[in-house]
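Read through the structure below, which is laid out as structure tokens, and then see the notes.
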Amino acid sequence: MRRGAFLDRDGVLNFDREYVHKREDFTFVAGVFEAARRLKAWGFALVVVSNQSGIGRGLFSEQEFATLTTWMKQQFEDQGAALDGIYYCPHHPTDAVGHYRRWCDCRKPQPGMLLSAARDLDLALDASVMFGDRVSDLQAARAAGVPVRYLLGTDGRATPALPEDNLASACFANLLGAVSSTHFADVLVSLPRVA
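Residue numbering for the sequence shown follows the working numbering, starting at 1372 and increasing by one per position.
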């Protein structure tokens, strides 16, 4: 079984501009590809797990999401850090329309996306790590049994004022000791938030 590096999308991989679904609105956070290559070199499968209630709210279609996702995947491949899986939840229990309006076990903080990825990709959840920008990301990881959970600090809405506030810095500094070893502790690192 492989270790998984679970990555939220908006706010971790790209700046969160709310309901991003077009290439022109998608800007990668600095250092993401370098961090992804480092995680791959350490033997992690890279798995995106993303709430996408904009679909359920009728703000964009699943096809628009798929088109952007195909482009995003290609960027990672071109940078030598191919994504191993992408999982998303289009549901919302109150604000979605039609069949998307429902409670589900895939919308974070529920662990459904992580559990599905573990089954599909043969991942050892107890040796995996989660990078998120919201507490719900970490709650989903905890519920799935992922012991190392990183809260990155700006919701991806601006360039972090502190260098350790993004995925790359977490990989190169705080995460180095944890993920490069074979022993995982139940660690939650909450990086400083920037106003």
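From the three backbone atoms N, C-alpha and C, an ideal C-beta is built for every residue, glycine too.
Given the structure is predicted, the values throughout are model-derived calculations rather than measurements.
Let me see if you follow: with CB-CB separation under 7 angstroms, is arginine 1388 close to chain B or not?
In the structure shown, chain B does not exist; there is a single protein chain.
Closest Cα partner of leucine 1384 within the set Gly1375, Val1400, His1392, Lys1444:
Here residue 1384 refers to the residue found at position 13 of the sequence shown. Considering only alpha carbons, the answer is Val1400.
Residue from Leu1486, Ala1452, Thr1440, His1463 with nearest C-alpha to lysine 1411:
The count along the sequence shown starts at 1 and reaches residue 1411 at position 40. With distances taken between Cα atoms, lysine 1411 lies closest to Ala1452.
So histidine 1462 packs on glycine 1427, CB below 8 angstroms; how close in whole Å?
As a working note, residue 1462 is residue 91 in the sequence shown. As a working note, residue 1427 is residue 56 in the sequence shown. Their Cβ separation, rounded to whole angstroms, is 5 angstroms, which keeps histidine 1462 and glycine 1427 in contact under 8 angstroms.
Distance between methionine 1372 and tyrosine 1390 (C-alpha atoms, nearest Å):
The residue given as residue 1390 occupies position 19 in the sequence shown. The residue given as residue 1372 occupies position 1 in the sequence shown. Taking the straight line from one Cα to the other gives about 34 angstroms.
Touch check for the region 1374–1384 and the region 1488–1501: three-plus C-beta pairs under 8 angstroms?
yes
Cα separation between cysteine 1475 and proline 1482?
Position 104 of the sequence shown, counted from the first residue, corresponds to residue 1475. Position 111 of the sequence shown, counted from the first residue, corresponds to residue 1482. Those two C-alpha atoms are separated by around 10 angstroms.
Can you tell me whether glutamine 1423 is buried or exposed, with buried defined as 16 or more other CB within 10 angstroms of its CB?
For the purposes of this step, residue 1423 is taken as the residue at position 52 of the sequence shown. Label assigned to glutamine 1423: buried.
Looking at C-alpha atoms only, which residue of Ser1487, Tyr1521, Ala1488, Glu1448 is the closest neighbour of phenylalanine 1502?
For the purposes of this step, residue 1502 is taken as residue 131 along the sequence shown, with counting starting at 1. Measuring from the Cα of phenylalanine 1502, the nearest candidate turns out to be Tyr1521.
How far does the alpha helix (DSSP H) with phenylalanine 1404 in it reach, from first residue to last?
To locate residue 1404, count along the sequence shown from 1; it is residue 33. Element bounds for phenylalanine 1404: 1403–1412.
Out of Tyr1459, Gln1446, Gly1414, Ala1416, point me to the one whose CA is closest to phenylalanine 1436's CA.
Start at 1 with the first residue of the sequence shown, and residue 1436 comes out as number 65. Out of Tyr1459, Gln1446, Gly1414, Ala1416, Tyr1459 has the C-alpha closest to the C-alpha of phenylalanine 1436.
According to the Cβ coordinates, are aspartate 1396 and aspartate 1504 closer than 7 angstroms?
Start at 1 with the first residue of the sequence shown, and residue 1396 comes out as number 25. Start at 1 with the first residue of the sequence shown, and residue 1504 comes out as number 133. No, Cβ-Cβ distance for aspartate 1396 and aspartate 1504 is not below 7 angstroms.
My output table needs one value for aspartate 1429: the three-state DSSP class, helix, strand or coil.
Indexing the sequence shown from 1 puts residue 1429 at position 58. According to the sequence provided, residue 1429 is glycine. The question's aspartate does not apply to it. Three-state result, glycine 1429: coil.
When you compare the CB positions of glycine 1456 and valine 1506, do they come within less than 7 angstroms of one another, or not?
Here residue 1456 refers to the residue found at position 85 when the sequence shown is read from its first residue. Here residue 1506 refers to the residue found at position 135 when the sequence shown is read from its first residue. Not closer than 7 angstroms, so no.
Give me the Cβ distance between serine 1432 and aspartate 1381, rounded to the nearest whole Å; I'm assuming they're in contact under 8 angstroms.
Stepping through the sequence shown from its first residue, residue 1432 is reached at position 61. Stepping through the sequence shown from its first residue, residue 1381 is reached at position 10. Not really, about 17 angstroms apart at Cβ, beyond 8 angstroms.
Considering Cα atoms alone, identify which of Ala1515, Asp1508, Asp1466 is closest to arginine 1490.
Position 119 of the sequence shown, counted from the first residue, corresponds to residue 1490. Among Ala1515, Asp1508, Asp1466, the Cα nearest to that of arginine 1490 belongs to Ala1515.
So glycine 1483 is in the alpha helix (DSSP H); what residue range does that whole segment cover?
By 1-based counting over the sequence shown, the position of residue 1483 is 112. 1483–1492 is the span of the alpha helix (DSSP H), which, as asked, contains glycine 1483.
Assuming proline 1480 contacts glutamine 1510 under a Cβ cut-off of 8 angstroms, what Cβ separation, rounded to an integer in Å, is found between them?
Counted from its first residue, the sequence shown places residue 1480 at position 109. Counted from its first residue, the sequence shown places residue 1510 at position 139. Yes, proline 1480 and glutamine 1510 are in contact; Cβ-Cβ is about 4 angstroms, under 8 angstroms.
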